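In what follows, a structure is listed as structure tokens, so that the remarks can point back to it.
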RNA sequence: CGGGGUGUAGCGCAGCCCGGUUAGCGCAUCUGCUUUGGGAGCAGAGGGUCGCAGGUUCGAAUCCUGCCACCCCGACCA
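In our numbering, the protein residues as written are 3 to 490.
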């Protein structure tokens, strides 16, 4: 048991906070609701970001950057959009401070009031579509496939490190298309990119689906999502991809001349994932000893610890192993620090979640072996130094695979088909996870269930089998099951 | 905004009810020595506007008043 991390069974939520802080991912800041992302946490985010960025570029997108500030009037141009975000916007009203007359510091200069207030972007659809109006005149300008890496601000009343903070980092793709079909195809394509990233890099199994009207993005016609399950049985929305129809094109008057010579409104999509994925990563894989990071996104995939009896051969052996691993593209850290004892380091690197730990001492040298410990199962074994590069490379693949399989088994065991309301409530309280149940399709029933149980419809899975049934709450006819869960 | 709680060293806390030497303890930090295969031991050292302001008192971390901040629960949250 780790010395400074609360166990999951004792207090899951405290375990999460302890882990995030003690493993050096993030910390609270002087600003309420805002966090400091620390170097180790940022290194993981950089790996996620770089991978996603490459995937975006491989699917034809380019990066750009739009302003942090949005004129207040822009936000209100799309009715549903402003309705959805108005309550959590930070607003800039002045542009200057001055010395207080009583010498107590600086105060806002009342003479420096802005003509029009600026909103700190909660998302960039409005400023971007206002810009697209100037960029799009012809079908030849389409499609426009742009992504932005940025920070956004949503003034939430209650925050949690990574999962919900006032400011967070994300990417937002904003694309413009000539036809409805093409825009929908783009929406689905990016959902697939997210799902692939989640499963293959983060080892995070996800359900792809569509949101109900209640849960839809403010201003979208359809919101697609990937939903993941955390170890406490709560769901986490890991990414969304929106088909925006012509809503923003109409709000910002973005039209183009078609091949046929007619004037048409542009079709739009937007899609995003955020630093919230860091929270998903922590809660999906880690244990009471600390983080467990999938090899593909781990800042260090292997750490080598010399067991420090002063010995020149030891340095040589370690450097040779590191060289062999690095030649295979493996990210290796060598801990030559002689202040801390091996036992301390073992515990420390387990807390940091480094997938593979190698330990070498005089004993190993004599035997021509090295101690290999894998983080996911915490198993240790002695392996011949000869051929260690292949062994570790295979082990990293095996760990990546195992983490995914483990999470998928956990998730699949927690998708429960339920047909009665009693069962629904009981399953939610005792087992958690996703509940697959019939629903009459109305927002009223969805709200009712939410009020009574705090469970929401996470999504209607894609390719959902059609099946006649009765709504689990109202008994009205239903044509398919949907996934319910309590969520973050 | 409603209910509850907490502010004392970098972190975690005790002391407060019942006012009284130089405000303690653990971890961390620094120095030295011995250690090093699962979170080392000993010795020494440094570090404090006791959240802020006022009041009572010979004397306030402690009692009183006001204020501020943060945390938890709820409301809120694609």
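Just so it is clear, CB atoms sit at the ideal spot from N, CA and C, and this is done for glycine as well.
Given the structure is predicted, the values throughout are model-derived calculations rather than measurements.
Quiz item: If you scan the stretch 169-255 from start to end, which runs of the alpha helix (DSSP H) of 4 or more residues do you find wholly inside it?
Solution: For the stretch 169-255, the continuous alpha helix (DSSP H) assignments of 4+ residues that do not extend past its boundaries occur at 182-198, 249-253, in sequence order.
Quiz item: Is it right to say residue 96 is buried, meaning 16 or more other beta carbons lie within 10 angstroms of its own, or is it exposed?
Solution: Within the first chain, numbered from 1, the residue matching residue 96 stands at position 94. Residue environment analysis places residue 96 among the exposed positions, since fewer than 16 neighbouring C-beta atoms fall within 10 angstroms of its C-beta.
Self-check item: CA-to-CA distance, residue 421 to residue 474, given in whole angstroms
Solution: Reading the first chain from its first residue, position 472 is the one you call residue 474. Reading the first chain from its first residue, position 419 is the one you call residue 421. In this structure, the alpha-carbon of residue 474 lies about 6 Å from that of residue 421.
Practice problem: Check whether the stretch 337-351 touches the stretch 294-307, counting contact only when three or more Cβ pairs, one atom from each stretch, lie closer than 8 Å. | Solution: The stretch 337-351 vs the stretch 294-307: in contact.
Practice problem: With DSSP as the reference, please indicate the residues paired to residue 29 in a beta bridge. | Solution: Numbered from its first residue, the first chain carries residue 29 at position 27. Answer is 38, bridged to residue 29.
Self-check item: Closest by C-alpha distance to residue 170, when choosing among 156, 363, 221
Solution: By 1-based counting over the first chain, the position of residue 170 is 168. Nearest Cα to residue 170 within the set 156, 363, 221: 156.
Quiz item: Could you give the residue range of the alpha helix (DSSP H) that holds residue 462?
Solution: In the first chain, counting from the first residue as 1, residue 462 sits at position 460. That residue, residue 462, is in no alpha helix (DSSP H); its beta strand (DSSP E) goes 458-463.
Quiz item: Three or more beta-carbon pairs under 8 Å between the stretch 40-50 and the stretch 289-301, yes or no?
Solution: The answer is yes - the stretch 289-301 touches the stretch 40-50, with three or more Cβ pairs under 8 Å.
Practice problem: Identify the continuous alpha helix (DSSP H) that holds residue 391 and give its terminal residues. | Solution: Residue mapping note: residue 391 aligns to position 389 of the first chain, counting from 1. 390-414 is the extent of the alpha helix (DSSP H) around residue 391.
Quiz item: Which residue's Cα is closest to the Cα of residue 379: 372, 232, 326, 288?
Solution: Numbered from its first residue, the first chain carries residue 379 at position 377. Relative to the Cα of residue 379, the nearest Cα in the group 372, 232, 326, 288 belongs to 288.
Exercise. Kindly indicate the opening and closing residues of the alpha helix (DSSP H) around residue 450.
Key: Your numbering for residue 450 matches position 448 in the first chain. Taken as a continuous stretch (DSSP letters only), the alpha helix (DSSP H) holding residue 450 covers 445-455.
Quiz item: Helix, strand or coil: which one does DSSP assign to residue 113?
Solution: Along the first chain, read from residue 1 onward, the residue named residue 113 stands at position 111. It is helical.
Quiz prompt | N-terminal and C-terminal residue of the alpha helix (DSSP H) that residue 334 is part of | solution = The count along the first chain starts at 1 and reaches residue 334 at position 332. For residue 334, no alpha helix (DSSP H) run applies; the uninterrupted beta strand (DSSP E) run containing it begins and ends at 334-336, by DSSP.
Exercise. Please determine if the stretch 116-130 and the stretch 160-167 are in contact, where contact requires at least 3 C-beta pairs separated by less than 8 Å.
Key: In the pairwise beta carbon analysis, the stretch 116-130 is classified as not touching the stretch 160-167: fewer than three pairs are separated by under 8 Å.
Exercise. Look at the Cβ atom of residue 177, then the Cβ atom of residue 146, and state whether they are nearer than 8 Å.
Key: By one-based count along the first chain, residue 177 stands at place 175. By one-based count along the first chain, residue 146 stands at place 144. The answer is yes: Cβ separation under 8 Å.
Quiz item: Candidates 81, 239, 482: which alpha carbon is nearest residue 253's?
Solution: By 1-based counting over the first chain, the position of residue 253 is 251. Nearest to residue 253 by C-alpha distance, out of 81, 239, 482, is 81.
Exercise. Please confirm whether residue 284 and residue 21 have their CB atoms less than 8 Å apart.
Key: Counting from one through the first chain, the residue named residue 284 turns up at place 282. Counting from one through the first chain, the residue named residue 21 turns up at place 19. It is a contact, given that the beta carbons lie within the stated cut-off.
Practice problem: Any chance you could list the beta strand (DSSP E) runs of at least 3 consecutive residues sitting entirely within the stretch 270-310, in chain order? | Solution: Runs of the beta strand (DSSP E) inside the stretch 270-310: 304-308.
Quiz item: Relative to the alpha-carbon of residue 85, which residue among 383, 222, 371, 445 has its alpha-carbon at the smallest distance?
Solution: Translated into positions along the first chain, residue 85 becomes position 83. Closest by alpha carbon: 222.
Practice problem: Could you tell me whether the Cβ atoms of residue 486 and residue 458 are closer together than 8 Å? | Solution: For the purposes of this step, residue 486 is identified with residue 484 of the first chain, where counting begins at 1. For the purposes of this step, residue 458 is identified with residue 456 of the first chain, where counting begins at 1. Closer than 8 Å, so yes.
Quiz item: Thinking C-beta only, is residue 320 closer than 8 Å to residue 362?
Solution: The residue labelled residue 362 in the question sits at position 360 within the first chain. The residue labelled residue 320 in the question sits at position 318 within the first chain. With respect to residue 320, residue 362 sits close: the two C-beta atoms are nearer than 8 Å.
Exercise. With distances taken Cα to Cα, identify the nearest neighbour of residue 211 among 479, 324, 467, 15.
Key: Stepping through the first chain from its first residue, residue 211 is reached at position 209. Answer by Cα proximity: 467.
Exercise. Using beta-carbon positions only, say whether residue 394 and residue 327 come within less than 8 Å of one another.
Key: As a working note, residue 394 is residue 392 in the first chain. As a working note, residue 327 is residue 325 in the first chain. Taking 8 Å as the Cβ cut-off, residue 394 and residue 327 qualify as a contacting pair.
Exercise. Whole angstroms is fine: what's the gap from residue 353's alpha carbon to residue 172's?
Key: Locating residue 353 in the first chain gives position 351, counting from the first residue. Locating residue 172 in the first chain gives position 170, counting from the first residue. Looking at the backbone, the Cα of residue 353 and that of residue 172 are separated by about 26 Å.
Quiz item: So, residue 356 versus residue 372, is the Cβ gap smaller than 8 Å?
Solution: The residue labelled residue 356 in the question sits at position 354 within the first chain. The residue labelled residue 372 in the question sits at position 370 within the first chain. Going by C-beta atoms, residue 356 is not nearer than 8 Å to residue 372.
Quiz item: Exposed or buried, what is residue 79 when buried is set at 16 or more other beta-carbons lying within 10 Å of its beta-carbon?
Solution: Indexing the first chain from 1 puts residue 79 at position 77. So residue 79 counts as buried.
Quiz item: Mapping DSSP to helix, strand and coil, what is residue 138?
Solution: One-based indexing of the first chain puts residue 138 at position 136. Coil.
Quiz item: Which runs of the beta strand (DSSP E), 3 residues or longer, sit entirely within the stretch 37-113?
Solution: The stretch 37-113 contains these whole beta strand (DSSP E) runs: 37-39, 71-73, 93-96, 99-101, 108-110.
Quiz prompt | Cα-Cα separation between residue 124 and residue 154, rounded to whole angstroms | solution = The residue you call residue 124 lines up with position 122 of the first chain. The residue you call residue 154 lines up with position 152 of the first chain. Distance between the alpha carbons of residue 124 and residue 154 is about 5 Å.
Quiz item: Would residue 273 pass as a contact of residue 247 if the rule is Cβ separation under 8 Å?
Solution: For the purposes of this step, residue 273 is taken as residue 271 along the first chain, with counting starting at 1. For the purposes of this step, residue 247 is taken as residue 245 along the first chain, with counting starting at 1. No. Outside cutoff.
Exercise. List the endpoints of the continuous beta strand (DSSP E) containing residue 382.
Key: Translated into positions along the first chain, residue 382 becomes position 380. Element bounds for residue 382: 382-386.
Quiz prompt | Other residues of its chain near residue 349: CB distance less than 8 Å, five sequence neighbours each side excluded | solution = If you number the first chain from 1, residue 349 lands on position 347. If the five residues before and after residue 349 are omitted, its C-beta is found closer than 8 Å to the C-beta atoms of 4, 5, 291, all from its own chain and listed in chain order.
Quiz item: Given a threshold of 16 other Cβ atoms within 10 Å of its Cβ, counted over all protein chains shown, does residue 265 qualify as buried or as exposed?
Solution: Within the first chain, the letter at position 263 stands for residue 265. Counting Cβ neighbours within 10 Å, residue 265 comes out exposed, since fewer than 16 surround it.
Practice problem: Identify which residue in 267, 281, 263, 63 has its Cα closest to the Cα of residue 236. | Solution: Walking along the first chain from the start, residue 236 turns up at place 234. Residue 281 is the option with its Cα nearest to residue 236.
Quiz item: Mind checking whether residue 138 and residue 68 have CB atoms under 8 Å apart?
Solution: By 1-based counting over the first chain, the position of residue 138 is 136. By 1-based counting over the first chain, the position of residue 68 is 66. Going by C-beta atoms, residue 138 is not nearer than 8 Å to residue 68.
Quiz prompt | Buried/exposed call for residue 480, threshold 16 Cβ in 10 Å | solution = As a first step, residue 480 must be located in the first chain, where it is residue number 478. Residue 480 is buried by the Cβ-count criterion.
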